[in-house]
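If you want the numbering used here, it's the position in the sequence shown, counting the first as 1, plus 5.
C-beta: ideal position from N, C-alpha, C; glycine also.
Note that the structure is a prediction, hence the values are computed from the model and not measured.
Written below as structure tokens is the structure these notes are about.
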Amino acid sequence: MFATRTKKSKSQKRKSDKESENSDAKLVLELVEPISKRNKTDRVANNRNKNDLGREAMIDSERQVVPHVYAGDATYETQIDTEKDRDARAVLEKNILLNKSGSIDDTSGKLYKGQAAYKNYIAKSESQIGMNKYTGTQGPIRAQTWARSICRFDYQPDVCKDYKETGFCGFGDTCKFLHDRGDYKGGWQIEKEYKEKQMAQRQRTLQGKTLDEVDENEYLVSDDADEQFACTICRQPFQDAVKTICGHIFCEKCALKHFRKTSRCFNCGKQTNGAFNVAWEIRKKEDKKKNSAEDST
Numbered sequence: 006m007f008a009t010r011t012k013k014s015k016s017q018k019r020k021s022d023k024e025s026e027n028s029d030a031k032l033v034l035e036l037v038e039p040i041s042k043r044n045k046t047d048r049v050a051n052n053r054n055k056n057d058l059g060r061e062a063m064i065d066s067e068r069q070v071v072p073h074v075y076a077g078d079a080t081y082e083t084q085i086d087t088e089k090d091r092d093a094r095a096v097l098e099k100n101i102l103l104n105k106s107g108s109i110d111d112t113s114g115k116l117y118k119g120q121a122a123y124k125n126y127i128a129k130s131e132s133q134i135g136m137n138k139y140t141g142t143q144g145p146i147r148a149q150t151w152a153r154s155i156c157r158f159d160y161q162p163d164v165c166k167d168y169k170e171t172g173f174c175g176f177g178d179t180c181k182f183l184h185d186r187g188d189y190k191g192g193w194q195i196e197k198e199y200k201e202k203q204m205a206q207r208q209r210t211l212q213g214k215t216l217d218e219v220d221e222n223e224y225l226v227s228d229d230a231d232e233q234f235a236c237t238i239c240r241q242p243f244q245d246a247v248k249t250i251c252g253h254i255f256c257e258k259c260a261l262k263h264f265r266k267t268s269r270c271f272n273c274g275k276q277t278n279g280a281f282n283v284a285w286e287i288r289k290k291e292d293k294k295k296n297s298a299e300d301s302t
């Protein structure tokens, strides 16, 4: 007879997924070394110091923090004069309406309604009523309610370049730019020149020299201040100046060079017919400048 097989014990069962995960986690924890705890007293102390510094820097104020709210400032009206419903213009408008409607005739002599209800026997046109603000027959003019004051800083003055460099501008008085030949200096330049002047005066006094006499005509404008002082073609001081029939002045060399292209004037375009006269006044000034320069050297 055959012996029966005995059943083996089921001690080794298949592990579930959760158990395997837990076992893996335990192994990782065992392998990782424990991290030493750092002392946090330094951080706390630093934070406290920062807070203390911030509190010391803060200053107590009685003002409250209020959010800015737009109050319609751009539409404010100036009510410095008589109210609009009581001024001369309002009275005139009421009078015109009452005369047109005919209510003045109905209530005349019964009820007083003020100056606006006076009977107007002379009919005025709209143009006459509009002229009242210029003639002043209806009292003072109503003030502007929308007036605003503005301030403008002109950091780039519009100076006429032609007039500044040559003393002549083809537009004349109709030029929209400023006709000024003055030089503008900065504050540091003015201070530097003033210091140099003071130092020179001190040196003269130390040397026993008298100060130069003040020129009384230093700031007076001479009669020839508006005369042309440079050629408009080359924009340089005149050299052998000549004058055209129309009265414009150029250098002799520049005038002849321009005449080769056209016989008309460079400034105004008038016909010159090639006639160039000597500008004696300017040539005399040139000679004076040359002589003064030679004497100074």
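Check                                                                                                                           : Outcome
Expected contact under 8 angstroms - CB spacing of Ile287 and Ala246 to nearest Å                                               : 4 angstroms
Assigned exposure category for Phe158 - 16 Cβ within 10 Å defines buried                                                        : exposed
Residues of its chain near Val96, where Cβ-Cβ distance is below 6 angstroms and the 5 sequence neighbours each way are ignored  : Gln120, Ala121
Outcome for Asn100 when other beta-carbon atoms lying within 10 angstroms are tallied against a minimum of 16                   : buried
8 angstroms CB neighbourhood of Ser130 in its chain, flanking five on each side removed                                         : none
Residues of its chain near Cys174, where Cβ-Cβ distance is below 7 angstroms and the 5 sequence neighbours each way are ignored : Cys165, Asp167, Tyr168, Cys180, His184
Helix, strand or coil at Asn272 according to DSSP, with G and I counted as helix                                                : coil
Of the listed residues Ile134, Phe271, Pro145, nearest to Asp92 (C-alpha basis)                                                 : Pro145
Cα-Cα separation between Gln143 and Ser108, rounded to whole angstroms                                                          : 23 angstroms
Phe264 beta carbon less than 8 angstroms from that of Thr237                                                                    : no
Where the beta strand (DSSP E) containing Cys256 begins and where it ends                                                       : 254-256
6 angstroms CB neighbourhood of Cys251 in its chain, flanking five on each side removed                                         : Cys270, Cys273, Lys275
Start and end residues, beta strand (DSSP E) containing Lys248                                                                  : 246-248
Reference Tyr189; option with closest CA among Glu291, Asp163, Tyr126                                                           : Asp163
Buried or exposed (CB count within 10 angstroms, at least 16 for buried), Val128                                                : What sits at residue 128 in the sequence shown is Ala, not Val. Classification for Ala128: exposed.
Reduced DSSP secondary structure (H/G/I, E/B, other) of Gln100                                                                  : Rather than Gln, the amino acid found at residue 100 in this sequence is Asn. Here Asn100 sits in helix by DSSP.
Three-state secondary structure (DSSP) of Ala95                                                                                 : helix
Neighbourhood of Arg186 by C-beta, 6 angstroms cutoff - its chain only, sequence neighbours within 5 removed                    : Lys169
Start and end residues, alpha helix (DSSP H) containing Tyr199                                                                  : 192-211
For Pro145: DSSP bridge partner residues                                                                                        : In DSSP, Pro145 forms no bridge with anything.
Separation of Lys202 from Asp292, as counted between CA atoms                                                                   : 30 angstroms
CB of Gly172 within 8 angstroms of CB of Gln233, strictly                                                                       : yes
Residue range of the alpha helix (DSSP H) that includes Tyr123                                                                  : Note, Tyr123: premise wrong, no alpha helix (DSSP H); not H, not E.
Within 8 angstroms, strictly: CB atoms of Asn278 and Lys248                                                                     : no
DSSP-derived helix/strand/coil call for Leu116                                                                                  : coil
Gln244 beta carbon less than 8 angstroms from that of Lys266                                                                    : no
Neighbourhood of Ala298 by C-beta, 6 angstroms cutoff - its chain only, sequence neighbours within 5 removed                    : none
Sub-8 angstroms separation of Asn125 and Asn104 beta-carbons                                                                    : yes
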